[in-house]
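Undergrad:
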Amino acid sequence: MPRLAVGDAAPDFTLPTADGGSVTLSDLRGEHVVVYFYPAAGTPGCTKQACDFRDSLASLQGHGYRVVGVSPDGVEKLAAFARDEELTFPLASDPDKAVLTAWGAWGEKTNYGRTVTGVIRSTVVVAPDGTVELAQYNVKATGHVAKLRRDLGID
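What the sequence shown shows, in our numbering, is residues 21 to 175, in sequence order.
1. Taking the alpha carbon of residue 56 as the point to measure from, which residue in 157, 172, 175 has its own alpha carbon closest?
2. Taking all protein chains shown into account, decide if residue 29 is buried (16 or more other Cβ within 10 angstroms of its Cβ) or exposed.
3. Span of the alpha helix (DSSP H) holding residue 80?
4. Does the distance from the CB of residue 94 to the CB of residue 113 come in under 9 Å?
5. By how many angstroms is the C-alpha of residue 139 removed from the C-alpha of residue 125?
6. How about the segment 132–152 and the segment 101–110: do they share at least three Cβ pairs that are nearer than 8 Å?
7. Would you mind reading off the limits of the beta strand (DSSP E) that contains residue 112?
8. Count Cβ pairs between the segment 25–39 and the segment 143–158 that sit closer than 8 Å; are there 3 or more?
9. Exposed or buried, which one is residue 103 when buried takes at least 16 other CB atoms within 10 Å?
10. Under a three-way DSSP split, which group does residue 153 fall into?
11. Between the alpha carbons of residue 170 and residue 58, how many angstroms are there, rounded?
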């Protein structure tokens, strides 16, 4: 499973979003974009991570970063998640896992001591020119946004 590295071209995508629209990465060219991949909306870890992004969104945006969350969940589940947690950044649906795979966020991982295939919790920051600025794989749900902020020099 290939993973993205600093300097790689970020694979473009267009995915449906929780709000009934869609998000296309190339439409965000010229901005820094934090694309984070998470396993399942509404689960404890994914909720914690999404709420951390929500609570840091104003600061991230103030430093020029947009946030997009991607999971294999359907748009209906994402819409309920966004509504329940008052999430105001795009949540994109990738049910066929094509984007997850292209970005290195789908594959084998260890879960409770077992090797399984699934979403690898990951965050990739895309530079304004469309290249990878930062790529982090197997991140922890709790504390990840604070670490990301430090890595980006925001804190």
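Think of the CB as a built atom: it goes at the ideal place given N, C-alpha and C, for glycine as much as any other residue.
TA: Taking the structure as given:
1. For this step, residue 56 is matched to residue 36 along the sequence shown. Comparing Cα-Cα distances from residue 56 to each of 157, 172, 175, the minimum goes to 157.
2. Here the question's residue 29 lines up with position 9 in the sequence shown. Around the beta carbon of residue 29, fewer than 16 other beta carbons lie within 10 angstroms, which makes this residue exposed.
3. One-based indexing of the sequence shown puts residue 80 at position 60. Looking at the DSSP string, the run of the alpha helix (DSSP H) that includes residue 80 is 64–82.
4. In the sequence shown, counting from the first residue as 1, residue 94 sits at position 74. In the sequence shown, counting from the first residue as 1, residue 113 sits at position 93. Yes. Within cutoff.
5. Position 105 of the sequence shown, counted from the start, is the residue given in the question as residue 125. Position 119 of the sequence shown, counted from the start, is the residue given in the question as residue 139. Rounded to the nearest angstrom, the two C-alpha atoms are 6 Å apart.
6. Contact annotation: the segment 132–152 does not touch the segment 101–110, with fewer than three C-beta pairs closer than 8 Å.
7. Position 92 of the sequence shown, counted from the start, is the residue given in the question as residue 112. Start and end: 111–113.
8. These segments touch.
9. Locating residue 103 in the sequence shown gives position 83, where the first residue counts as 1. That one is exposed.
10. Stepping through the sequence shown from its first residue, residue 153 is reached at position 133. Here residue 153 sits in strand by DSSP.
11. Here residue 170 refers to the residue found at position 150 when the sequence shown is read from its first residue. Here residue 58 refers to the residue found at position 38 when the sequence shown is read from its first residue. Spanning the two alpha carbons is a distance of roughly 20 Å.
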